[in-house]
Amino acid sequence: MEHRDIYLESTRHFLSPILPLLDDPDVSEVLINGPQTVYFERSGRLERSEIAFTSEATLLAAARNIAEYVGRSLDADNHSMDARLPDGSRVHVIVPPSSRNGVCISIRKFNNDTFDLSKLVEWGSLSAEVAEFLSLSVEMHRNIVIAGGTGSGKTSLLNALSAEIPEYERIVVIEDSSELQLQQPHTVCLEAQSARPDGSGAVSIRDLFVDSLRMRPDRIVVGEVRRGEALDLVQSMISGHSGAMTTVHATTAHDAAIRLETLSMMSDIVLPAHVARMQVASALQLVVNINRLPDGSRRVQAISECLGTDADGQYAFRDLYRFASEGRDESGRILGALTATGEKPTFAALPDQLGVAGKVSLTRELFSHV
522 MEHRDIYLES TRHFLSPILP LLDDPDVSEV LINGPQTVYF ERSGRLERSE IAFTSEATLL
582 AAARNIAEYV GRSLDADNHS MDARLPDGSR VHVIVPPSSR NGVCISIRKF NNDTFDLSKL
642 VEWGSLSAEV AEFLSLSVEM HRNIVIAGGT GSGKTSLLNA LSAEIPEYER IVVIEDSSEL
702 QLQQPHTVCL EAQSARPDGS GAVSIRDLFV DSLRMRPDRI VVGEVRRGEA LDLVQSMISG
762 HSGAMTTVHA TTAHDAAIRL ETLSMMSDIV LPAHVARMQV ASALQLVVNI NRLPDGSRRV
822 QAISECLGTD ADGQYAFRDL YRFASEGRDE SGRILGALTA TGEKPTFAAL PDQLGVAGKV
882 SLTRELFSHV
């Protein structure tokens with residue numbers, strides 16, 4: 522029996538109280554706030570479960586089993602960890618005394634389904650016209666940042682956009698914890714590594730990004746930028762590696778740009794604020810904003826093009842699509858549509874220039890010379 526199979530059985534044993542939730546395909550997240558409190562997310566809504574662990578000790582044993590699987594420690598010197606279950610589900614653990622509720626385990630379940638834009642259209646996250654626009658933007662090597670809050674669907678949307686990358690391109694995927702499921706044959710997946718108990722062996726996203734630039738990538742996809750690696754990504758975008766895609770925690774296009782600027786300045790390279798801003802403004806081309814709405818649905822709220830900076834040195838954006846709410850239906854679901862604003866992108870002539878004008882159909886109004 523292989524290492525993964527052994528821990529697949531052992532983690533299921535230690536997590537046996539919540540197996541009904543882990544095995545339920547409609548449950549996307551399981552949140553354990555101490556042994557007696559378990560919540561789960563279904564259809565975008567959080568619900569409390571009647572499930573409980575028998576004691577704090579059994580819950581801590583489960584956490585330590587997960588830590589053992591990924592070669593990490595939970596002790597007085599390591600109060601938390603990010604990990605992955607043998608089935609691919611993403612896990613965060615935090616233990617007392619940092620957690621006053623007791624051991625807290627947050628599990629975002631791994632979804633074996635492959636995502637594409639048509640699936641998001643089917644779910645109502647975006648329209649067929651927007652799907653065509655995004656597909657063309659990916660093929661035309663636009664630099665795209667997906668912005669949204671926690672649990673808004675950023676990774677699912679990045680999965681769907683990544684599926685639009687042509688199969689003949691060499692793709693390098695960089696993640697903290699592997700979640701993306703690219704199906705293209707020439708895909709290289711790199712995953713960051715936490716330090717071993719002795720403090721050695723750490724491999725950061727930034728380390729992997731430096732490696733990726735030496736691997737002759739046609740396309741670089743970063744699961745999420747959180748630290749100084751943002752500077753490496755931004756500089757690669759403006760130095761020939763176009764068509765990069767990533768996600769960032771932000772609620773608007775402007776906030777996404779500010780976030781990238783701030784993260785770039787967290788690099789060990791001393792960078793004046795105005796230089797960081799000019800580089801982000803030059804690199805960033807499209808921001809896709811996705812949110813989880815009060816009814817639990819996840820919808821693309823806006824697609825904005827970055828136009829650089831204005832006369833005052835502030836980021837300038839042009840909304841190409843914007844969501845307009847139309848109230849709720851009888852079941853409480855928010856009605857509305859993501860519609861074109863009437864503005865054309867600065868790259869409206871690009872489909873003609875790159876020979877993809879034949880793929881322009883629903884987005885004909887946005888692209889000139891078609």
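Residue numbers (this note's numbering): 522 to 891.
For each residue, glycine too, the CB sits at the ideal point set by N, CA and C.
- Restricting attention to alpha helix (DSSP H) runs no shorter than 4 residues, the region 625-700 encloses them at 638-644, 649-660 and 675-683, ordered along the chain.
- Around the beta carbon of T575, fewer than 16 other beta carbons lie within 10 angstroms, which makes this residue exposed.
- The C-alpha of E577 is placed about 7 angstroms away from the C-alpha of G623.
- For E782, the uninterrupted alpha helix (DSSP H) run begins and ends at A774 to S785, by DSSP.
- Per DSSP, F868 is not a residue of any beta strand (DSSP E), being assigned neither H nor E.
- Our two residues, H762 and I741, have alpha carbons roughly 8 angstroms apart in a direct line.
- Residue pairing for E571: DSSP places it in no beta bridge.
- Within the DSSP bridge table, the entry for S846 names G857 as partners.
- Note that the region 541-558 does not touch the region 587-594; fewer than 3 beta-carbon pairs, one per stretch, sit closer than 8 angstroms.
- Per DSSP, the unbroken beta strand (DSSP E) holding N812 starts and ends at L807 to R813.
- Of Y560, H770 and G863, the smallest CA-CA separation from G670 is found for H770.
- The region 611-626 makes no contact with the region 847-863, as fewer than three CB pairs between them are under 8 angstroms.
- For R819, the closest alpha carbon among the candidates S620, K640 and G645 is that of G645.
- The residue from V724, D831 and L883 with its alpha-carbon nearest to that of E650 is L883.
- Closest by C-alpha distance to N810, out of G674, S725, C710 and Q702, is G674.
- Between L536 and D608, the C-beta gap is not smaller than 8 angstroms, which leaves the two residues out of contact.
- Distance from the CA of T830 to the CA of R727, rounded to the nearest whole angstrom, comes to 27 angstroms.
- Rounded to the nearest whole angstrom, the CA to CA distance from D697 to S564 is 26 angstroms.
- DSSP, reduced to helix, strand and coil, places E577 within a helical segment of the structure shown.
- With respect to the C-alpha of E550, the residue from P556, S570, T532 and T862 having the closest C-alpha is S570.
- Only buried fits G749, as 16 or more other CB atoms lie within 10 angstroms of its CB.
- Linking T783 to V796 through their CA atoms gives a straight-line distance of about 12 angstroms.
- For F561, the enclosing beta strand (DSSP E) begins and ends at V559 to R563.
- The secondary-structure analysis by DSSP pairs A823 across a beta bridge with N810 and R843.
- Between the alpha carbons of V642 and G722 lies a distance of about 42 angstroms.
- According to the DSSP assignment, M799 belongs to the alpha helix (DSSP H) that extends over A794 to A804.
- Here S610 has I628, R629, K630 and F631 as same chain residues with Cβ atoms under 7 angstroms from its own Cβ, once five neighbours each way along the sequence are excluded.
- Going by DSSP, R611 is part of no alpha helix (DSSP H) but of the beta strand (DSSP E) stretching over R611 to I615.
- Taking the CA atoms as reference points, I779 sits about 21 angstroms from F730.
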